[in-house]
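Colleague:
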Amino acid sequence: MAVASAPGKLILFGEHFVVYGLPAIATAIDSRTTANVRRADEYALVDDRPETPGYKKEKLAQQKDSVQRILRAMNLAGANVRITLGGELVAASGVGASGASCSAIAAALNEEFGLRLDREKINAVAYEGEKGYHGTPSGIDNSCSTFGGFIWFEKDLMSGLGEIRSLDMKIPMTIVMGNTGVTSNTTEVVEEVRKEREKNPEKFGGIFEDYRRIAEEAREVLEMKDLNSIGRLMNRNHELLRRIGLSSPDLEKLVEIALGNGAMGAKLTGTGRGGLMIALVDDETKDKVASAMEKAGYDSKITTIGAEGVQIEKEP
Ligand code: PMV
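Residue numbering for the sequence shown follows the numbering used here, starting at 4 and increasing by one per position.
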């Protein structure tokens, strides 16, 4: 038997812009999915992860396809294994739940079957698994889950492949995630943004230029560990996302609550129109920001970012 775990992710900068070849910065969070792999008489997949109600059922067919893709990519098609998913990462939109499970499953199979794949290869297998969920995934989620830390990600529009660089940062940073409770459909929202851009090329051109400056500055201030500047850049990134119609009344409310209670910056993360809002906080403000969100009726969670990537867990 082998057990591996992998973290979920958050996009700090650049959701949607990344689709058009601009850079994004993402990070691993301190909630993980575990995959337990044991040989059995027949193949079985058991999903014990906590979830946003309805999520696992909605994704079941995609999940089955994803695991078969992983097995094929590892030359293990038809293997009689029992794969059990668990851990505390909530299966939900926006936190990279599928990427974390693909990476953890690949690493646990690698261990159980003694395949000796390195991290790059585990990531390539996890990316194959992501295709079961997204069709054309950018690769940012499985990369965050596999490598951990902070990731600078750019998609090559010609090849469709992502260039991934790990950013060398060892600063503990704390984020409060606020959940709107609304699940938005990434494929649909990305398509709507594409149509808007076709209608308003000049507006989008200006916004893309503003965003490129934000991403470059963000990398610098992250490396300088300048939390206040990171927060200001998150606010600017959110403003651009709002201008292309990706915010929502709930997201605006969450941003307002976060900033009003001392967060250094706040923005929507991921697809938008729902999903999650993230706020950069410190030890003094984190509880205040989280409880203000709860008081207003939203689920919140405090998380440390820059967590370790996929790893093998000791057998119990
Ligand atoms: O909602 P998430 O965390 O899966 O993020 C979607 C990010 C987009 O940029 C909107 C789409 C993508 O494929 O990068």
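Think of the CB as a built atom: it goes at the ideal place given N, C-alpha and C, for glycine as much as any other residue.
Taking a contact to mean a Cβ-Cβ separation below 7 Å, would you say S101 touches T36 in this structure?
Modeller: The sequence position of residue 101 within the sequence shown is 98, counting from 1. The sequence position of residue 36 within the sequence shown is 33, counting from 1. No.
Colleague: Hey, how far is the Cα of A282 from the Cα of L74?
Modeller: On the sequence shown, position 279 is the one that residue 282 refers to. On the sequence shown, position 71 is the one that residue 74 refers to. Whole-angstrom Cα-Cα distance: 38 Å.
Colleague: Under 7 Å, do I305 and A293 count as touching if we go by C-beta distance?
Modeller: Reading the sequence shown from its first residue, position 302 is the one you call residue 305. Reading the sequence shown from its first residue, position 290 is the one you call residue 293. Against a cut-off of 7 Å, the Cβ pair of A293 and I305 comes out as a contact.
Colleague: Between the alpha carbons of D144 and E54, how many angstroms are there, rounded?
Modeller: Translated into the one-based positions of the sequence shown, residue 144 becomes position 141. Translated into the one-based positions of the sequence shown, residue 54 becomes position 51. One C-alpha to the other measures close to 18 Å.
Colleague: Could you please give the first and the last residue of the uninterrupted alpha helix (DSSP H) stretch that includes A109?
Modeller: Taking the sequence shown and counting its residues from 1, one reaches residue 109 at position 106. Under the DSSP assignment, A109 falls in the alpha helix (DSSP H) whose first and last residues are 100 to 115.
Colleague: Could you pull out every residue in the same chain whose Cβ sits closer than 8 Å to the Cβ of N83, ignoring the five residues on either side in sequence?
Modeller: As a position in the sequence shown, residue 83 is number 80, starting the count at 1. Taken in chain order, the residues that qualify are R42, A43, D44, E45, Y46.
Colleague: If you draw a straight line from the C-alpha of L118 to the C-alpha of M4, how long is it?
Modeller: The sequence position of residue 118 within the sequence shown is 115, counting from 1. The sequence position of residue 4 within the sequence shown is 1, counting from 1. Their Cα atoms are separated by approximately 14 Å.
Colleague: According to DSSP, is E220 helix, strand or coil?
Modeller: The residue labelled residue 220 in the question sits at position 217 within the sequence shown. Assigned with DSSP and collapsed to three states, E220 falls in helix.
Colleague: Based on the DSSP secondary-structure assignment, which residues constitute the bridge partners of Q314?
Modeller: Translated into positions along the sequence shown, residue 314 becomes position 311. Paired residue(s): S8.
Colleague: Would K298 pass as an interface residue toward chain B - the criterion being a Cβ-Cβ separation below 7 Å?
Modeller: The structure shown contains no chain B; it is built from a single protein chain.
Colleague: In this structure, does DSSP put A82 in helix, strand or coil?
Modeller: Numbered from 1 along the sequence shown, position 79 holds the residue referred to as residue 82. Correct three-state label for A82: coil.
Colleague: Buried or exposed for P26, please, with buried defined as at least 16 other CB atoms from any protein chain shown within 10 angstroms of its CB.
Modeller: Mapped onto the sequence shown, residue 26 falls at position 23. The residue is buried, with at least 16 neighbouring Cβ atoms inside 10 Å.
Colleague: Does DSSP put N39 in a helix, a strand or coil?
Modeller: Within the sequence shown, residue 39 is the residue found at index 36, counting from 1. The answer is strand: DSSP assigns N39 an E or B state.
Colleague: Who are the near neighbours of E297 in its chain, counting only those whose CB is closer than 6 Å to its CB and skipping five residues on each side?
Modeller: Position 294 of the sequence shown, counted from the start, is the residue given in the question as residue 297. Cβ within range, chain order: S303.
Colleague: Just to check, is the beta-carbon of E133 closer than 6 Å to a non-hydrogen atom of the ligand PMV?
Modeller: As a working mapping, residue 133 is identified with position 130 in the sequence shown. Because no heavy atom of the ligand PMV lies under 6 Å away, the Cβ of E133 does not count as near it: no.
Colleague: So does V93 have its beta carbon nearer than 6 Å to some heavy atom of the ligand PMV?
Modeller: As a position in the sequence shown, residue 93 is number 90, starting the count at 1. False, no ligand heavy atom lies under 6 Å from that Cβ.
Colleague: Spatial neighbours of R239 within its chain, please: CB distance less than 8 Å, with the 5 preceding and 5 following residues excluded, ordered by chain position.
Modeller: In the sequence shown, counting from the first residue as 1, residue 239 sits at position 236. Answer for R239: D213, I217, listed in chain order.
Colleague: What residue does the alpha helix (DSSP H) around A293 start on, and which one ends it?
Modeller: Translated into the one-based positions of the sequence shown, residue 293 becomes position 290. From DSSP, the alpha helix (DSSP H) with A293 extends over 289 to 298.
Colleague: Would you kindly report the start and end of the unbroken alpha helix (DSSP H) that includes V185?
Modeller: One-based indexing of the sequence shown puts residue 185 at position 182. From DSSP, V185 is part of no alpha helix (DSSP H); its letter is neither H nor E.
Colleague: Taking the DSSP output, what are the residues bridged to M280?
Modeller: The sequence position of residue 280 within the sequence shown is 277, counting from 1. G181, L271, per the DSSP bridge assignment.
Colleague: Run through DSSP, which three-state label would R52 get?
Modeller: On the sequence shown, residue 52 is found 49 positions in, with the first residue counted as 1. Correct three-state label for R52: coil.
Colleague: May I ask you to report which of helix, strand or coil DSSP gives S251?
Modeller: For the purposes of this step, residue 251 is taken as the residue at position 248 of the sequence shown. Coil at S251, not helix or strand.
Colleague: Any idea what DSSP makes of A27, helix, strand or coil?
Modeller: On the sequence shown, residue 27 is found 24 positions in, with the first residue counted as 1. Strand, per DSSP.
Colleague: Bridge partners of E166, per DSSP?
Modeller: If you number the sequence shown from 1, residue 166 lands on position 163. According to DSSP, E166 bridges with E157.
Colleague: Excluding sequence positions up to five away, which residues of its chain have a Cβ less than 8 Å from the Cβ of G309?
Modeller: Within the sequence shown, residue 309 is the residue found at index 306, counting from 1. Hits under 8 Å: T30, A31, G151, G152, F153, M172, K173, I174, P175, M176.
Colleague: Quick test of your reading: V22 and V193, contact by CB under 8 Å. State the CB separation rounded to the nearest angstrom.
Modeller: Here residue 22 corresponds to residue number 19 of the sequence shown, with the count starting at 1. Here residue 193 corresponds to residue number 190 of the sequence shown, with the count starting at 1. Rounded, the Cβ-Cβ distance is 6 Å, consistent with contact.
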